[in-house]
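Engineer: Can you keep this structure in mind? I'll have questions shortly.
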Amino acid sequence: MRENRIRRLHAAAVAAVAAVLSAALVACGGQAAPSGQPADTDARQSEAVGSVDVKVASLKGPTSIGLASFMDKAASDPGSLANAYDFTVAGSADEVVPSLIQGDVDIALVPANVASVLYNKTAGGVVALDVNTLGVLSVVTADSGVVDFSALSGRTVYMTGKGATPEYVMNYLLERNGLAGQVTLEFKSEATEVVQAISQDLDAVAVLPQPYVTVACAKNPSLKATIDLNDVWDTASADGSRLVTGVTVARREFLEEHPDAVREFVERQSASVDAANADPEGTAPLVVNAGIVDSEQIAAKAIPGCHLVCLTGDDLRGALSGYLKTLFDADASSVGGSLPGDDFYYAG
């Protein structure tokens, strides 16, 4: 695995990072100075030659897959880029958020609701650059009769995410389709438990995210992803919003100081997303090398269902604002207590 500029956060650091997160959120986004003189020296040297050191953090799973080609380029051919990119792939948002708040990370790919929470906790200190991943949830079952959302009436649906965005999304879609109170949601703590439940009962129905959809169907050929919740959302939504999984954010201070570096990042990210969508099999080894997904076979099969995008400008605002409003209506705390202002959306 390349070690040039792609790093993973070590498990030993997780506890320390979690402690920092707690303190940072209580402080409502008070920014600490970057630690360590060498980093400051490197930054000054980069500025001297017109290059900026850009620290990027993302998460294992779909939200990082679109970066795979960009990561590979930064590692194998850094001279082709105007700036230097240092990528970190973390296991959870809890590992990324404190680093962004402290200023140790400049750009991060996080869950959509976390982007809004960050905006509120930092008093507008972060900006949404783009939507990087649309919905990754699908209805999975071996029951050939479940071909549209209305077929869930009277059924029990296994899923994860109780008290979180998956539950809010599902309840919204059930209500919009006249199915409120007609479907029982049974929550499991892990997606692997959901996979086990539907593998043991071929009449069972589940809602799973990628890449677990691909994993489940690969292990049991009787299982099929019969309904894409993106389609259900698009039909149900009247405000032009989209079902959003991942958002790319930047520290406002960094954006204001280095607008050209942010612009290059978004352009390269967009090209990397296009490469993944055009060639899943060619992208799969890069995804594994970056530590995003463990299996090339699973990555290649999952990419088409991950709905990788790079929505900016009006497309960003149109897709994200209505989605956040849906979450806000379900539980205001899920988006940080209030909806972001207009300055949250990067105009490019």
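Reading the sequence shown from the start, the letters are residues -32 to -1, 1 to 316 in mature numbering (1 follows the signal peptide of the UniProt record, and there is no 0).
All C-beta atoms in this analysis are idealised placements derived from N, C-alpha and C, irrespective of residue type, glycine included.
This structure is a prediction, so every number in the text was calculated from the model and none was measured.
#1: Which runs of the alpha helix (DSSP H) at least 4 residues long sit entirely within the region 62 to 103? Give them in chain order.
#2: Could you please give me the residues that DSSP links to Ile195 through a beta bridge?
#3: Would you give the residue range spanned by the beta strand (DSSP E) that Cys278 belongs to?
#4: Out of Ala172, Ser84 and Leu49, which has the shortest C-alpha to C-alpha gap to Val294?
#5: Assuming contact is defined by CB atoms lying nearer than 8 Å, are Glu154 and Thr128 in contact in what I supplied?
#6: Put Tyr53 into one of helix, strand or coil per three-state DSSP.
#7: Report the start-end ranges of each beta strand (DSSP E) in the region 232 to 305 that is 3 residues or longer and not cut off at the edges.
#8: Pull the bridge partners of Glu154 from the DSSP assignment, please.
#9: Inspect the beta-carbon positions of Ala287 and Val212 and report whether they are closer than 8 Å.
#10: Output yes or no for whether 8 Å exceeds the beta carbon distance between Thr216 and Val173.
#11: Can you name the residues that DSSP bridges to Tyr313?
#12: Measuring CB to CB, does Val78 end up less than 8 Å from Ala61?
#13: At the level of alpha carbons, what is the spacing between Ala50 and Ser263?
#14: Between the region 240 to 247 and the region 31 to 42, do at least 3 Cβ pairs fall closer than 8 Å?
#15: With DSSP as the reference, label Ser26 as helix, strand or coil.
#16: Report back the beta-carbon spacing between Asp98 and Cys278 to the nearest angstrom; my notes put them in contact at under 8 Å.
#17: Does the region 176 to 195 come within contact of the region 254 to 270, defined as at least 3 CB pairs closer than 8 Å?
#18: CB Val104 to CB Pro177, shorter than 8 Å?
#19: Looking only at its chain, what residues have a beta carbon closer than 8 Å to the beta carbon of Val115, apart from the 5 residues adjacent to it on each side?
#20: Does DSSP classify Ala148 as helix, strand or coil?
Structural biologist: Based on what the coordinates show:
#1: Counting only runs of 4 or more, we get 80 to 89.
#2: One-based indexing of the sequence shown puts residue 195 at position 227. Its beta-bridge partners are Val107.
#3: Locating residue 278 in the sequence shown gives position 310, where the first residue counts as 1. In the DSSP assignment, Cys278 falls within the beta strand (DSSP E) that extends over Leu276 to Leu279.
#4: Residue mapping note: residue 294 aligns to position 326 of the sequence shown, counting from 1. Looking at the sequence shown, residue 294 is not Val but Thr. Considering only alpha carbons, the answer is Ser84.
#5: Counting from 1 along the sequence shown, the entry for residue 154 is found at position 186. Counting from 1 along the sequence shown, the entry for residue 128 is found at position 160. The answer is no: Cβ separation not under 8 Å.
#6: For the purposes of this step, residue 53 is taken as residue 85 along the sequence shown, with counting starting at 1. Residue state, collapsed to three classes: strand.
#7: With a minimum length of 3 residues, the continuous beta strand (DSSP E) runs that stay inside the region 232 to 305 are 276 to 279.
#8: Stepping through the sequence shown from its first residue, residue 154 is reached at position 186. Tyr126.
#9: Taking the first residue of the sequence shown as position 1, residue 287 is located at position 319. Taking the first residue of the sequence shown as position 1, residue 212 is located at position 244. Note that the C-beta distance between Ala287 and Val212 is below 8 Å.
#10: On the sequence shown, residue 216 is found 248 positions in, with the first residue counted as 1. On the sequence shown, residue 173 is found 205 positions in, with the first residue counted as 1. Not closer than 8 Å, so no.
#11: Stepping through the sequence shown from its first residue, residue 313 is reached at position 345. Ala96.
#12: Position 110 of the sequence shown holds residue 78. Position 93 of the sequence shown holds residue 61. Contact: yes.
#13: Residue 50 sits at position 82 when you count from the first residue of the sequence shown. Residue 263 sits at position 295 when you count from the first residue of the sequence shown. The straight-line gap from Cα to Cα measures roughly 32 Å.
#14: Contact holds: three or more Cβ-Cβ distances are below 8 Å.
#15: As a position in the sequence shown, residue 26 is number 58, starting the count at 1. The answer is strand: DSSP assigns Ser26 an E or B state.
#16: Here the question's residue 98 lines up with position 130 in the sequence shown. Here the question's residue 278 lines up with position 310 in the sequence shown. Contact between Asp98 and Cys278 holds: their C-beta atoms lie close to 5 Å from each other, under 8 Å.
#17: The region 176 to 195, when compared against the region 254 to 270, does touch it at the 8 Å Cβ threshold.
#18: Along the sequence shown, one-based indexing puts residue 104 at 136. Along the sequence shown, one-based indexing puts residue 177 at 209. Pro177 sits close to Val104, with the two beta carbons spaced by under 8 Å.
#19: Here residue 115 corresponds to residue number 147 of the sequence shown, with the count starting at 1. Closer than 8 Å at Cβ, skipping near neighbours: Thr194 and Ile195.
#20: Looking up residue 148 in the sequence shown gives position 180. Here DSSP, grouped into helix, strand and coil, assigns Ala148 to coil.
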